[in-house]
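Residue numbering for the sequence shown follows the working numbering, beginning at 344 and increasing consecutively.
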Amino acid sequence: MSEAELIERSRAGDQAAFAELVARSRDQTWAVCLQITGHRHDAEDALQDTLTAAWQNLASFRGTARFGTWLYRIATNASLAIVRKRRETPEDEIDNGEHTGRSVADSIADTDMVRQALAALPEQFRVAVVLREYADMSYAEIAEHQGIPVQTVKSRINRARAQLVEKLAPSMLDADALEP
Numbered sequence: 344m345s346e347a348e349l350i351e352r353s354r355a356g357d358q359a360a361f362a363e364l365v366a367r368s369r370d371q372t373w374a375v376c377l378q379i380t381g382h383r384h385d386a387e388d389a390l391q392d393t394l395t396a397a398w399q400n401l402a403s404f405r406g407t408a409r410f411g412t413w414l415y416r417i418a419t420n421a422s423l424a425i426v427r428k429r430r431e432t433p434e435d436e437i438d439n440g441e442h443t444g445r446s447v448a449d450s451i452a453d454t455d456m457v458r459q460a461l462a463a464l465p466e467q468f469r470v471a472v473v474l475r476e477y478a479d480m481s482y483a484e485i486a487e488h489q490g491i492p493v494q495t496v497k498s499r500i501n502r503a504r505a506q507l508v509e510k511l512a513p514s515m516l517d518a519d520a521l522e523p
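(1) Could you tell me the boundaries of the alpha helix (DSSP H) in which L394 lies?
(2) So what's A503 in DSSP terms, helix, strand or just coil?
(3) Taking just the CA atoms, how far does A512 sit from I417?
(4) Taking the alpha helix (DSSP H) that A541 falls in, what are its first and last residues?
(5) Please report the distance separating the alpha-carbon of S505 from that of G356.
(6) Which word fits A366, buried or exposed, when buried means at least 16 other C-beta atoms lie within 10 angstroms of its C-beta?
(7) Are the Cβ atoms of A421 and A402 separated by less than 8 Å?
(8) Return helix, strand or coil for I417, following the three-state DSSP convention.
(9) Cutting at 8 Å between CB atoms, please list the residues of its own chain near L474, excluding the five before and the five after it.
(10) Could you tell me if H382 is buried or exposed, where buried requires 16 or more neighbouring beta carbons within 10 angstroms of its beta carbon?
(11) Considering only residues of the same chain and omitting the five flanking positions on each side of W373, which have a CB-CB separation below 8 Å?
(12) Once you ignore the five residues that flank S353 on each side, which residues in its own chain have a CB closer than 7 Å to its CB?
(13) Which residues mark the beginning and the end of the alpha helix (DSSP H) in which A360 is found?
So this is what it looks like as structure tokens:
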């Protein structure tokens with residue numbers, strides 16, 4: 344079934360059609376929420392807020408962009424709202440989960456370093472790079488999302504990447520020094 348048909352059926356109240364529509368962008372939407380919030384529990388809350396808002400506001404979807412692009416915008420806003428709320432409260436506990444094995448632990452440590460580096464970026468840089476790298480949005484889509492020119496998007500992403508390299512390089516050097 345086409346995206347347009349699914350949207351039409353969803354607007355008519357068909358929850359199964361909405362579920363199928365959302366499932367097409369599920370992984371990218373989750374990645375946007377997780378990378379912006381930096382915490383699994385916050386990302387789950389942001390994703391829930393995203394899906395609720397998308398369902399409630401489906402009538403306002405104009406169809407000028409892909410549904411997934413519209414959904415990423417909602418996910419970004421929901422994630423940023425949670426990050427802002429978190430800044431007003433004491434620091435959350437980090438969800439380390441229960442993991443065993445050296446390679447899994449290394450992977451978790453690497454992922455945590457990237458999340459911390461992303462969280463340290465200025466909000467506008469973080470959103471731009473997350474939408475590009477995790478939501479696979481084009482520069483034009485990001486520009487529309489952020490209400491800025493495409494060249495500014497390119498500049499923000501370039502600066503974000505440079506800051507990420509700067510923040511992650513010392514960690515990676517330290518990790519290499521620990522290798523036998």
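We treat Cβ as the ideally placed atom computed from N, Cα and C, and that holds for glycine.
Walking through what the data contain:
(1) R383 to Q399 is the span of the alpha helix (DSSP H), which, as asked, contains L394.
(2) helix
(3) 32 Å
(4) With the chain covering 344 to 523 only, the question about residue 541 has no answer from this structure.
(5) It should be noted that the sequence gives Ala, not Ser, for residue 505. The alpha-carbon atoms of A505 and G356 are separated by roughly 46 Å.
(6) It counts as exposed.
(7) no
(8) DSSP, read as helix, strand or coil, puts I417 in helix.
(9) V375, Y415, T419, M480, E484, I485 and H488
(10) H382 is buried by the Cβ-count criterion.
(11) The residues are A386 and L390.
(12) A360, F361, L364 and L401
(13) Q358 to A366
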